[in-house]
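Each residue of the sequence shown is one higher than the one before, starting from 2 at the first, in my numbering. To keep things clear, I will list the structure first and then write my remarks on it.
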Amino acid sequence: MVDWRKARETFDAEAVSIMRFRAKIIDVGCLNHFSRVINTIAKLAKTCILRLTSDKLYFILSDKVANGGVSMWCELNQMNFFDEFQMEGVSAENNEIYLELAPENLSRAFKTAQNAKTVKIKLTNKQCPCLTVAMELPSLSTSSRIVTHDIPVVVIPRKLWNDFREPTVPNFDTAPRMWNLCAASL
2 MVDWRKARET FDAEAVSIMR FRAKIIDVGC LNHFSRVINT IAKLAKTCIL
52 RLTSDKLYFI LSDKVANGGV SMWCELNQMN FFDEFQMEGV SAENNEIYLE
102 LAPENLSRAF KTAQNAKTVK IKLTNKQCPC LTVAMELPSL STSSRIVTHD
152 IPVVVIPRKL WNDFREPTVP NFDTAPRMWN LCAASL
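Quick look at the structure:
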């Protein structure tokens with residue numbers, strides 16, 4: 002994988018303050034579906050790359066297959082999950098954000114959200130860059146409870162973005178064959 006120590010040292014800190022990401026899930030079905038996707042990814046790897054664009058989210062695992070690692074490319078249309086979705090990348094021509102995160106942390110946050118009225122996800126800069134997941138949970142009183150999880154992330158510099166491009170998949174040549182099935186009468 003990438004040597005993140007070197008990447009952090011050479012990364013332009015101003016770029017972090019320029020990037021914005023905010024999303025909101027209200028629909029319970031969308032919340033459950035997104036949570037299942039996160040749980041599946043958390044079972045596959047300890048870290049993954051989250052690529053955010055204006056219309057899609059990508060979860061990318063690119064461990065070395067030759068060393069027994071797993072590769073995965075998960076592409077999600079944001080409109081299928083989020084009721085609100087706002088994103089600004091590093092610049093107008095590079096309107097993307099690449100983050101490294103531990104999917105297990107995101108999975109734990111979404112386990113809390115199973116009964117949530119709303120879930121908000123936001124890129125924040127507290128001591129370090131974080132994905133802040135805030136859930137509005139029902140309570141017995143008239144006011145709702147807000148539970149917040151700050152998930153530390155590493156912002157990946159632009160010069161490393163090419164390491165996380167969509168893999169090429171060979172064209173498959175398949176043809177179904179239907180066998181004649183004869184029923185024997187007794």
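Glycine included, each C-beta is placed from N, C-alpha and C at the ideal position.
Less than 8 Å between the beta carbons of I39 and L102, yes or no?
no
At a cut-off of 7 Å, would you count I42 as near the ligand SAH, judging by its Cβ distance to the nearest heavy atom?
Annotation note on the ligand SAH: not contained in the displayed structure, which lists no ligands.
Take N96 as the anchor and find which of P158, A135 and E137 has the nearest alpha-carbon.
P158
Expected contact under 8 Å - CB spacing of I122 and M20 to nearest Å
Not confirmed; about 14 Å, so no contact.
Is it buried or exposed, P168, if we count other Cβ atoms within 10 angstroms and call 16 or more buried?
exposed
Could you say if the segment 27 to 43 and the segment 75 to 87 meet the contact criterion of at least three C-beta pairs nearer than 8 Å?
yes
Among the candidates T48, R178, S63 and E76, whose CA atom is the shortest distance from the CA of K57?
E76
In whole angstroms, what separates the C-alpha of N116 from that of C131?
23 Å
Which runs of the beta strand (DSSP E) spanning at least 3 residues fall entirely within the segment 13 to 55, listed in chain order?
21 to 26 and 49 to 53
Backbone CA spacing between D151 and P171 [nearest angstrom]
39 Å
Could you pull the DSSP bridge partners for L138 from this structure?
R146
Alpha carbon of S145 to alpha carbon of M136, nearest angstrom:
10 Å
Quick check: the Cα distance between E105 and A43, rounded to an integer number of angstroms?
5 Å
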